[in-house]
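Residue numbers (the working numbering): 746 to 836. Here a beta-carbon is modelled for each residue, glycine too, at the ideal position from N, C-alpha and C. These numbers come from a predicted model, not from an experiment. Structure first, then comments.
What follows is the structure, given as structure tokens:
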């Protein structure tokens, strides 16, 4: 746990007990727990909002071929066509 050994934690606990006294230690533990819980909730909320903002991109729709109207029958034909497939007219 953070590179601290059990002896180190015991020393820290004894010093905290001497500084704050036995009556204030539970209050401080409760306040620390609430602060930690709020921090975790905020972190989860931020993570959730980032995941919602970063959605996978939709696949690109294939382009429809460019068309033009036939001079004779006004049907849509490919732009590179030399003859209309409907009426056979030259473009």
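Please tell me whether residue 827 and residue 821 are closer than 9 Å, where the distance is taken between their beta carbons. no
Here's the rule: buried if 16 or more other CB atoms are within 10 angstroms of the residue's CB, otherwise exposed. What is residue 832? exposed
So, is residue 818 buried or exposed, given that buried needs 16 or more other C-beta atoms within 10 angstroms? exposed
Just grab the DSSP bridge partners of residue 821 for me. 814
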